[in-house]
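Chemist:
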Amino acid sequence: MQAGSVLSAASDDARFLRLERLTKRFDDVAAVDGISIDIPKGQIFALLGSSGCGKSTLLRMLAGFETPTEGHILLEGVDIATMPAYERPINMMFQSYALFPHMTVWDNVAFGLRRQRVAAVQIAERVEKMLGLVQLKPFAKRKPHQLSGGQQQRVALARSLALEPRLLLLDEPLGALDRKLREQTQFELQTIIKNVGVTCVMVTHDQEEAMTMADRIAIMSKGQFLQVGSPTEIYETPNCRFVADFIGKANLFAGVLETDAADHCIVATPSGRFLVGHGITGVTGMELCVAVRPEEISLAHVPPEDPDCNYLRGQVLERAYFGSSSLYRIKLDSGERLQVSIASTERHAELLEIGAQVHATFDPDSIVVLTA
Ligand SMILES: Nc1ncnc2c1ncn2[C@@H]1O[C@H](COP(=O)(O)OP(=O)(O)O)[C@@H](O)[C@H]1O
Ligand SMILES: [Mg+2]
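And the structure:
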């Protein structure tokens, strides 16, 4: 019996938050279009997509600020789709985190608890705990304007967490911070959320933010999830052109499947034939696309010795120096463009000159074949 109950607790945790065919239409446009997903307890789940793809609408349905047109939102097995926002054990932290300017940090964190008429002793306990968590105890008596942007962000998080929500929602949590502070705060917020163990759904259009903070990312487009996976899965094995192109940089070549075997396949493209280090169980002649990341490509002044390797010839059009790496834009003999990133630690003494003739090679295992 005991084994059974442990098992069922584990599967309950795996579907802590379950969305079933969740849909929101505004007039005839589906802002969120039939999304189903299970989000396990304790996970940081990021919705990533460009402006207008439906991220905020999805989050607002979770918070209770929008009513779904169709579908269900199950939190620990209870359908909350039509429950009023204030009854949900959920807290949302907004982009403009709007601390009360005339209140101290301490009072800002206590605000929600006072409104819920929690006993004073408990409020004090909870606020102290939260301020410790976000490492702002020494700043308890300050007003928001006496804090840095990152510290203000942590006060807002403490205020959200003080209510001990079952689910924490973050809409563009770091949108108000400048780049440098943002990077640091990403790590801080992630650490705090993980320490508390609260399940979190966050919205961002910034892929670095999603990759840094989230356990799992959903790439959204036109109200749907195109791919859901860990940051590594999304980057290394994108499942379609949109995702390959959206996450990081990718060289995409359209072509047709020429050979398909168990351990390799060959794709013919206008720029050349590419050997891929795995089969795809496709149909010979089918149209598809291959993707190669800029950092997977090597450049040389001379052609490769191995005549069978993946090889492209071209001319350096442009280069951008980023300190840790340089990005080259190359015009291939076929007319197509190639982006190549060379780490500064790997590059030879001098940078490749604009106009130089170069020979690009890449490994069969570095290619991702996309059929959608
Ligand atoms: N209240 C609304 N009324 C009508 N259309 C809306 C409303 N809210 C959002 N939309 C539309 O739904 C789509 C998704 O919007 P939104 O969820 O805000 O996207 P995101 O947060 O990803 O930028 C957009 O086309 C937007 O114009
Ligand atoms: Mg939005």
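For what it's worth, my numbering labels the leading residue of the sequence shown as 3, then goes sequentially. Glycine included, every Cβ here is placed at the ideal spot set by N, Cα and C. All of these numbers come straight from a predicted model, not from anything done at the bench.
1) Closer than 7 Å to a non-hydrogen atom of ligand 2 - does that hold for the CB of residue 57?
2) Under the three-state reduction of DSSP, which class applies to residue 52: helix, strand or coil?
3) Return the Cβ separation of residue 417 and residue 277 in integer angstroms, given the expectation that the two are a contact with Cβ distance under 8 Å.
4) Just list the residues that DSSP pairs residue 173 with in beta bridges.
5) Check the C-beta distance from residue 108 over to residue 129 and give it rounded, since I have them as a contact under 8 Å.
6) In terms of alpha-carbon separation, which member of 225, 257 and 64 lies closest to residue 169?
7) Could you check whether the region 53–73 touches the region 133–146, counting it as contact only if at least three pairs of C-beta atoms, one from each stretch, sit closer than 8 Å?
8) How many angstroms separate the CA atom of residue 346 from the CA atom of residue 207?
9) Buried or exposed for residue 233, going by 16 or more other Cβ atoms inside 10 Å?
10) Taking only the alpha-carbon atoms, compute the straight-line gap between residue 351 and residue 324 and give it to the nearest angstrom.
11) I need the DSSP call for residue 43, collapsed to helix, strand or coil.
12) Would you give the residue range spanned by the alpha helix (DSSP H) that residue 141 belongs to?
13) Kindly confirm or deny that the region 293–302 and the region 243–262 touch, where touching means at least three C-beta pairs closer than 8 Å.
14) Could you check the C-alpha separation between residue 335 and residue 317 for me, to the nearest Å?
15) So who's on the other strand from residue 231, going by DSSP bridges?
16) Quick one: does the C-beta of residue 318 sit closer than 7 Å to a heavy atom of ligand 1?
17) Per DSSP, residue 22 forms a beta bridge with which residues?
18) If you count every other CB in all the chains shown that lies within 10 Å of the CB of residue 155, and 16 or more means buried, which is it?
19) Excluding the 5 residues flanking residue 315 on each side, which residues of the same chain have their C-beta closer than 6 Å to its C-beta?
20) List the endpoints of the continuous beta strand (DSSP E) containing residue 289.
21) Does the pairing of the region 208–228 with the region 179–188 give three or more beta-carbon distances under 8 Å?
22) Are the region 25–42 and the region 212–232 touching, with three or more C-beta to C-beta distances below 8 Å?
23) For residue 240, does the count of other Cβ atoms within 10 angstroms reach 16, so buried, or fall short, so exposed?
24) Using 10 angstroms around the beta-carbon of residue 337, count the other beta-carbons present and answer buried if the total reaches 16, otherwise exposed.
Modeler: From the atom records:
1) yes
2) coil
3) Beyond the ends of the chain as shown, which are 3 and 374, falls residue 417; an answer cannot be given.
4) 205
5) 6 Å
6) 64
7) no
8) 29 Å
9) buried
10) Caution is warranted here: a pLDDT of 46 is assigned to residue 351, below 50, making its placement in the model unreliable, and the coordinate value is therefore given only provisionally. Taking the straight line from one Cα to the other gives about 16 Å.
11) coil
12) Looking at the DSSP string, residue 141 is not in any alpha helix (DSSP H), and its letter there is neither H nor E.
13) yes
14) 8 Å
15) 219
16) no
17) 74
18) buried
19) 335 and 361
20) 289–294
21) yes
22) yes
23) buried
24) exposed
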